[in-house]
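Asker: Residue numbers (the working numbering): 1 to 744.
We put the beta carbon where it would ideally sit given N, CA and C, even for glycine.
(1) Is the Cβ-Cβ distance between residue 331 and residue 163 less than 7 Å?
(2) Between the C-alpha atoms of residue 406 and residue 393, what's the straight-line distance to the nearest angstrom?
(3) Would you identify the three-state DSSP class for residue 216, choosing helix, strand or coil?
(4) Is residue 44 near the ligand FMN - that is, is its Cβ less than 6 Å away from at least one heavy atom of it?
(5) Could you name the residues of the same chain whose beta carbon sits closer than 6 Å to that of residue 206, not counting the 5 residues immediately before and after it, in chain order?
(6) Would the stretch 456 to 464 and the stretch 513 to 530 be scored as touching if the rule is three or more Cβ pairs under 8 Å?
(7) How would you call residue 650, buried or exposed, if buried means at least 16 neighbouring beta carbons within 10 angstroms?
(8) With a threshold of 7 Å between beta-carbons, can residue 421 be considered close to chain C, or not?
(9) Check whether the stretch 518 to 528 and the stretch 408 to 417 are in contact - that is, three or more C-beta pairs closer than 8 Å.
(10) In chain order, what residues of the same chain lie with their CB nearer than 7 Å to the CB of residue 736, ignoring the 5 residues before and after it?
(11) How is the beta strand (DSSP E) around residue 226 delimited, first residue to last?
(12) Which residue from 60, 74, 678 puts its Cα closest to that of residue 68?
(13) Out of 493, 640, 363, 528, which one is the CA nearest neighbour of residue 628?
(14) Who are the Cβ neighbours of residue 265 in its own chain at under 7 Å, not counting the five residues just before and after it?
(15) Here's the rule: buried if 16 or more other CB atoms are within 10 angstroms of the residue's CB, otherwise exposed. What is residue 732?
(16) Let me confirm a value: residue 239 is counted as buried when at least 16 other C-beta atoms fall within 10 Å, else exposed. Which label applies?
(17) Does residue 444 pass the burial test, meaning 16 or more other C-beta atoms within 10 Å, or should it be called exposed?
(18) Taking only three categories from DSSP, how would you classify residue 504?
(19) By DSSP's criteria, residue 237 is part of a beta bridge. Which residues make up the other side?
(20) Quick check: residue 557 and residue 354, are their CB atoms within less than 7 Å of each other?
(21) Could you tell me the alpha carbon to alpha carbon distance between residue 704 and residue 722, rounded to whole angstroms?
(22) One question on the structure: do residue 337 and residue 324 come within less than 7 Å of each other, judged by their Cβ atoms?
(23) Let me check one thing: in DSSP terms, what residues is residue 731 bridge-paired to?
(24) Who are the Cβ neighbours of residue 532 in its own chain at under 7 Å, not counting the five residues just before and after it?
(25) Looking at the strands, I want to know which residues DSSP matches up with residue 490.
(26) Residue 146: buried (16+ other C-beta within 10 angstroms of its C-beta) or exposed?
(27) Give me, in chain order, the residues of the same chain whose beta-carbon lies closer than 8 Å to that of residue 90; leave out the 5 immediate sequence neighbours on both sides.
(28) Express the C-alpha separation of residue 241 and residue 540 in angstroms, rounding to a whole number.
(29) Could you check if residue 250 is buried or exposed, using at least 16 other CB atoms within 10 Å of its CB as the buried criterion?
(30) Distance, Cα to Cα, residue 504 vs residue 451?
(31) Assuming residue 726 and residue 672 are in contact, meaning their beta carbons sit under 8 Å apart, how far apart are those beta carbons, in whole angstroms?
(32) Less than 8 Å between the CB atoms is what I'm expecting for residue 210 and residue 296, so what's the real figure, rounded?
(33) Would you report the Cα separation of residue 386 and residue 632, rounded to the nearest angstrom?
(34) Would you decide whether residue 602 is buried or exposed? Buried here means 16 or more other CB atoms lie within 10 Å of its CB.
(35) Please state if the CB of residue 37 and the CB of residue 77 are separated by a distance shorter than 7 Å.
(36) From the DSSP output, read off the bridge partner residues of residue 50.
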């Protein structure tokens, strides 16, 4: 559009212009003629429009209110912008009393019609993408302000949001009309009516024109036949069976509900569909028009397919939990039965409160770091197929803070009172809880409450991820339940103490020890589980503060972490593996046996989960805090494990001592040149030649007689003369290396 007059010369609309040039052109424009054909045709006043020749001129503003261009409209309604770069910027019409904003897409007459009908600030903007971006920017600056987008039609509105989403912030005119045409036909009352009582819109949904569903209800022409109801998605189960239509209704109490109605009923048994809707609370005012309603739902075209699954956790790139589905949007989406929606974004405010009241005081306290490691690893473990479950047991006397640690872990998922469970259960009860906590953490208080029989298998049941094979009344096998989780436990007794109550199982097997890692609850600093009081006068005060904060948690922590993992599953999985390997590399003691390696690998996953949460901004810790805290716990576990191994078996005690001290022994080939009070080692084949001091330390509290008897019985020991290369013969306590090589 080229405009050249005595007042204004716009010969090249594509040319760039300075703000001063634009302002100078605007000042040379006259006030708009109220009899301009465009204004008369659309029944709108001239407002702040100006005029040059036969063109109406509207000012374009940037998002800060500065003049950035002009919009030109001729008598036939053709519009253009000068300069061209200004076409994405809004034309602002203000109301002095406005407390809300509406962003209008469409012709200038549409924006003017809405402006005169509603006491709102109106922004006229031509592009849908820019309308969404502008709305987000306005909400960021003014979170409590109402910001709507007025679109041109239902088809245009369907492009917003993710498929199936209720578009509460979009308003459209009735079928076949524009906002300006609605204004011409019905005046300001008609425009205001369709904004204050808008059409119920869902992204990706195209509805037939037989009925109109508005916030006030479902209408057949001018007759309201019932409450709001709309089909939004199609759904089926994981086996591509049981196709159902997802139907939204608003019940008689004004609550939004979502129903799954079999597609076969939609087509073959509309009466049953209507009965289901009424049963769910949908108001029906005109039973005679009910057939139109069911046909309307059946003929609605929907874009999204939902895959309804029965168990939460990770399904491909999506995490399914109580808040809904977390992960990338798409036309095919897995959803949890009973919660068919995408989860809303985690609340940054709620996350910040949790970080300040729980995460910050937890940093530097190894037992709390370990507890949070269990909580975050519960979400992350699903990214590592084949990883067995990991359990951590805090053992200690009452009043050291064990329950506080459990509450801190539970707060990741919500109020701690809702997420701390009891060990008081049978093994079948544990299976039920395990399924419910698939790909998350299970928090269990007071090990003493479980029966001895159940305790003997508890670690295996929870960690191995598979229930017992069961049969129905006819003897046919039922589907075996499975899960993958982490679990945190506490108690005044150890697992072996509970197992010892059961006849025939006096000790804990090594596999149980790997799956339920026992950690002394007392950190050894005089404050129970705490090493760092973070300014509190004592451990009780810090424990009380953490417990109160844990009760106020909203569950947004788990949601934020799952959303961070889902943003890039491949990268998250790689980081978890790398961080676990780094923990093992940095903290696993040299020359350790297989049990210690497996425990450190499991603890390494807890550390890795903490580091991933830190990198995602969920944990406000310095990098490495998670690793350091878990490493402190790992050393405490190792000390307990070695003491217990020594107490249980002379062979085990000897194995641990030799593995830990082999680097301190002098090679047998150098025995003649280097004196070593402990003794010497020959590598091929491995043989230990201990001197009196080395033998005394090896025996420890067990005593020489008991150790000698055990090693002799195993046929790996003798006390005899031996001559080192180039040296003199002497008597040595000789132990053959099969003990630490796995042969004994």
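Answerer: From the atom records:
(1) For the purposes of this step, residue 331 is taken as residue 331 along the chain shown, with counting starting at 1. For the purposes of this step, residue 163 is taken as residue 163 along the chain shown, with counting starting at 1. In contact: residue 331 and residue 163 (Cβ atoms closer than 7 Å).
(2) Locating residue 406 in the chain shown gives position 406, where the first residue counts as 1. Locating residue 393 in the chain shown gives position 393, where the first residue counts as 1. Cα to Cα, the separation comes out at about 10 Å.
(3) Against the chain shown, residue 216 aligns to sequence position 216. Reduced to three states, the DSSP call for residue 216 is coil.
(4) Absence of the ligand FMN from the depicted structure is noted, as is the absence of any ligand whatsoever, leaving it without description.
(5) Looking up residue 206 in the chain shown gives position 206. Closer than 6 Å at Cβ, skipping near neighbours: 301.
(6) yes
(7) Position 650 of the chain shown, counted from the start, is the residue given in the question as residue 650. Under this definition residue 650 is a buried residue.
(8) Protein chain content of the structure displayed is limited to a single chain, and chain C is not contained in it.
(9) no
(10) On the chain shown, residue 736 is found 736 positions in, with the first residue counted as 1. The residues are 687, 716.
(11) Here residue 226 is taken as the residue at index 226 of the chain shown, counted from 1. Its beta strand (DSSP E) spans residues 223 to 226.
(12) Start at 1 with the first residue of the chain shown, and residue 68 comes out as number 68. Taking only the C-alpha atoms, the option nearest residue 68 is 60.
(13) Counting from 1 along the chain shown, the entry for residue 628 is found at position 628. Residue 363 is the option with its Cα nearest to residue 628.
(14) Against the chain shown, residue 265 aligns to sequence position 265. These residues qualify, in order along the chain: 272, 273.
(15) Reading the chain shown from its first residue, position 732 is the one you call residue 732. Label assigned to residue 732: buried.
(16) Counting from 1 along the chain shown, the entry for residue 239 is found at position 239. Per the 10 Å Cβ criterion, exposed.
(17) In the chain shown, the residue the question calls residue 444 occupies position 444. The residue is buried, with at least 16 neighbouring Cβ atoms inside 10 Å.
(18) Residue 504 sits at position 504 when you count from the first residue of the chain shown. Note that residue 504 scores 45 on pLDDT, short of 50, meaning its location in the model is unreliable; the coordinates nonetheless yield the value given after this. Looking at residue 504 - three-state DSSP - the assignment turns out to be coil, as it is neither helix nor strand.
(19) The residue given as residue 237 occupies position 237 in the chain shown. Answer is 308, bridged to residue 237.
(20) By one-based count along the chain shown, residue 557 stands at place 557. By one-based count along the chain shown, residue 354 stands at place 354. Their beta carbons are under 7 Å apart, which means residue 557 touches residue 354 by this criterion.
(21) Sequence index remark: in the chain shown, residue 704 carries index 704 (1-based). Sequence index remark: in the chain shown, residue 722 carries index 722 (1-based). Whole-angstrom Cα-Cα distance: 20 Å.
(22) Position 337 of the chain shown, counted from the start, is the residue given in the question as residue 337. Position 324 of the chain shown, counted from the start, is the residue given in the question as residue 324. No, the Cβ-Cβ distance between residue 337 and residue 324 is not below 7 Å.
(23) As a working mapping, residue 731 is identified with position 731 in the chain shown. The partner list for residue 731 (beta bridge, DSSP) reads 721.
(24) Walking along the chain shown from the start, residue 532 turns up at place 532. Cβ within range, chain order: 364, 365.
(25) Taking the first residue of the chain shown as 1, we reach residue 490 at position 490. DSSP output for residue 490 lists 394 as bridge partner(s).
(26) On the chain shown, residue 146 is found 146 positions in, with the first residue counted as 1. It counts as exposed.
(27) Against the chain shown, residue 90 aligns to sequence position 90. For residue 90, where only same-chain residues beyond five positions count, the Cβ hits under 8 Å are 60, 61, 63, 103, 123, 124, 125, 134.
(28) Here residue 540 refers to the residue found at position 540 when the chain shown is read from its first residue. Here residue 241 refers to the residue found at position 241 when the chain shown is read from its first residue. Distance between the alpha carbons of residue 540 and residue 241 is about 56 Å.
(29) To locate residue 250, count along the chain shown from 1; it is residue 250. Residue 250 should be labelled buried.
(30) Taking the chain shown and counting its residues from 1, the one referred to as residue 504 is at position 504. Taking the chain shown and counting its residues from 1, the one referred to as residue 451 is at position 451. Per-residue confidence for residue 504 stands at a pLDDT of 45, beneath the threshold of 50, marking its modelled position as unreliable; the derived number appears in the next sentence. Cα to Cα, residue 504 sits roughly 15 Å from residue 451.
(31) By 1-based counting over the chain shown, the position of residue 726 is 726. By 1-based counting over the chain shown, the position of residue 672 is 672. Rounded, the Cβ-Cβ distance is 4 Å, consistent with contact.
(32) Residue mapping note: residue 210 aligns to position 210 of the chain shown, counting from 1. Residue mapping note: residue 296 aligns to position 296 of the chain shown, counting from 1. Contact holds; Cβ gap of about 5 Å.
(33) For this step, residue 386 is matched to residue 386 along the chain shown. For this step, residue 632 is matched to residue 632 along the chain shown. Roughly 27 Å between the two C-alpha positions.
(34) By one-based count along the chain shown, residue 602 stands at place 602. Result: buried.
(35) Taking the first residue of the chain shown as position 1, residue 77 is located at position 77. Taking the first residue of the chain shown as position 1, residue 37 is located at position 37. No. Outside cutoff.
(36) As a first step, residue 50 must be located in the chain shown, where it is residue number 50. DSSP lists 31, 57 as partners of residue 50.
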